[in-house]
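> Can you read through this structure? Questions will come right after.
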Amino acid sequence: MQTFAFRALLSAAILTSCSSSPPPQPHKSATRKQAFGKTAAGQGVDLYTLSNGAGMEVSITTYGGIVTSIKVPDRTGNSADVVLGFDSLDGYLKEHPYFGAMIGRYGNRVGKGLFTLNGVEYKLARNNGENHLHGGLVGFDKVVWKAGGAESLELSYTSKDGEEGYPGNLDVKVTYSLTTDNALRIDYFATTDKETVVNLTNHSYFNLAGHGEGDVLGHEVTVQADRFTPVDSGLIPTGELRPVEGTPFDFRQARRIGERIEQKDEQLIRGKGYDHNFVLNNQGGTLALAARVKEPRTGRVMEVHTTEPGLQFYTGNFLDGSITGKGGKRYDQRYGFCMETQHYPDSPNKPSFPPVVLKAGEQYKTTTIYKFSVE
Ligand code: BGC
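As structure tokens, this is what we get:
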């Protein structure tokens with residue numbers, strides 16, 4: 331695994347050191363593998379680092395498919411790690427708010443942890459008050475994935491029939507690829523042997539100024555959504571698709587995160603800020619721009635492209651400074667934001683929402699791209 335495309339980078343590096351200008355750009359992605367420790371049960375965990383030879387580096391661990399770091403340059407070429415996380419596996423083994431994690435079998439909430447499929451009621455693990463959140467007590471973020479792949483990192487995991495209450499054996503594969511234009515592409519695949527529900531996403535907390543470098547309130551956000559799904563006091567969608575027009579949820583033009591976040595708006599109060607699913611304008615299942623975020627001080631820009639119909643925009647409202655992350659940085663309230671591409675929360679109980687049912691013999695496939703640049 332260490333050797334993947336690493337040789338390509340190595341030979342390019344040798345070429346660079348032997349020749350005079352202009353140096354050839356090693357525009358091939360390379361992968362490095364290192365041991366990252368062991369789980370409490372003694373399972374070995376690895377850390378893979380993809381680098382694209384164009385200034386971007388991403389690390390992913392086989393524990394929970396967690397993206398532990400994303401290093402990208404700012405407008406002056408200075409690289410910073412723009413996601414929250416921990417230096418070592420120990421941090422991730424403790425309770426934490428899904429930093430960088432691969433989320434499944436069902437991303438976000440299922441009301442009361444209950445849903446019915448073909449007349450059978452399924453009871454899911456309840457781990458968020460009376461609700462089920464992000465796959466339950468031991469979701470996909472807390473299992474060790476099998477690694478493979480060549481230029482991309484391929485993680486796979488089989489979720490057993492009945493795991494966290496879900497029906498069907500689910501074979502999941504997630505590939506992480508780094509492209510030469512500074513994009514991290516995540517492809518999600520799944521198949522089942524029995525009808526089930528699936529909603530996979532990634533839970534990275536971004537701070538484009540660099541993790542731990544203050545709050546994200548100055549980031550300028552655009553979301554391609556005319557509507558969002560308002561929630562009840564338990565953050566379960568009511569079923570309404572509400573126009574963003576005239577509300578603090580209107581991000582159709584770039585707006586600073588902090589501009590309206592403290593407004594006395596019932597939805598903002600319920601979420602303690604933004605913690606809502608946006609109904610993306612592209613409902614066609616094709617890859618399209620969902621959101622764009624710019625951090626004005628460093629000039630870093632992130633675009634989110636997805637095939638998914640929804641985007642959970644969460645502004646780290648529940649962070650409270652009690653977590654110390656990478657390099658001893660403390661993560662206070664709103665020090666990171668998440669853009670979780672997904673189907674809408676509680677879809678198994680909302681027949682009017684785009685369906686999340688996967689039947690035996692069908693292929694689940696979604697793609698999300700986080701593309702970085704500077705302005
Ligand atoms: C949810 C938040 C939750 C956070 C961390 C987000 O996806 O919408 O309500 O606090 O994940 O668990």
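Be aware that the sequence shown starts at 331, since it is given in this note's numbering, and climbs by one per residue.
Ideal placement from N, C-alpha and C gives every residue a C-beta, glycine not left out.
Keep in mind that this is a model prediction, so the values were computed, not measured.
1) So the beta strand (DSSP E) residue 378 belongs to, where does it begin and stop?
2) Beta carbon of residue 650: closer than 7 Å to some heavy atom of ligand 1?
3) Beta-carbon separation of residue 560 and residue 526 under 8 Å?
4) From residue 434 to residue 489, what does the alpha carbon distance come to, in whole angstroms?
5) With distances taken Cα to Cα, identify the nearest neighbour of residue 440 among 528, 418, 697.
6) Checking contacts by CB at 8 Å: is residue 597 closer than that to chain D?
7) Give the single residue among 704, 702, 678, 695 whose Cα lies nearest to the Cα of residue 450.
8) Between the Cα of residue 703 and the Cα atoms of 609, 400, 644, which residue gives the shortest distance?
9) Give me the Cβ distance between residue 414 and residue 393, rounded to the nearest whole Å; I'm assuming they're in contact under 8 Å.
10) Taking 7 Å as the cut-off, is the C-beta of residue 461 nearer than that to any heavy atom in ligand 1?
11) Do three or more CB pairs link the segment 613-631 to the segment 515-523 at distances below 8 Å?
12) I'd like the span of the alpha helix (DSSP H) that includes residue 596, first residue to last.
13) Where does residue 545 sit, in a helix, a strand or coil, going by DSSP?
14) Rounded to a whole number of angstroms, what is the C-alpha to C-alpha distance between residue 569 and residue 657?
15) Which runs of the alpha helix (DSSP H) at least 4 residues long sit entirely within the segment 413-499? Give them in chain order.
16) What do you reckon, are the CB atoms on residue 683 and residue 641 nearer than 8 Å?
17) Can you look up residue 678 in the DSSP assignment and give me helix, strand or coil?
18) Here's a check: name, in chain order, each residue in its chain whose Cβ is nearer than 8 Å to the Cβ of residue 680, leaving out the five neighbours to either side.
Walking through what the data contain:
1) 374-381
2) no
3) no
4) 10 Å
5) 528
6) Absent from the structure is chain D; it holds one protein chain and no more.
7) 678
8) 400
9) With 8 Å as the limit, residue 414 and residue 393 do not qualify as a contact, their Cβ atoms being about 16 Å apart.
10) no
11) no
12) 596-601
13) coil
14) 42 Å
15) 419-423
16) no
17) helix
18) 567, 569, 674
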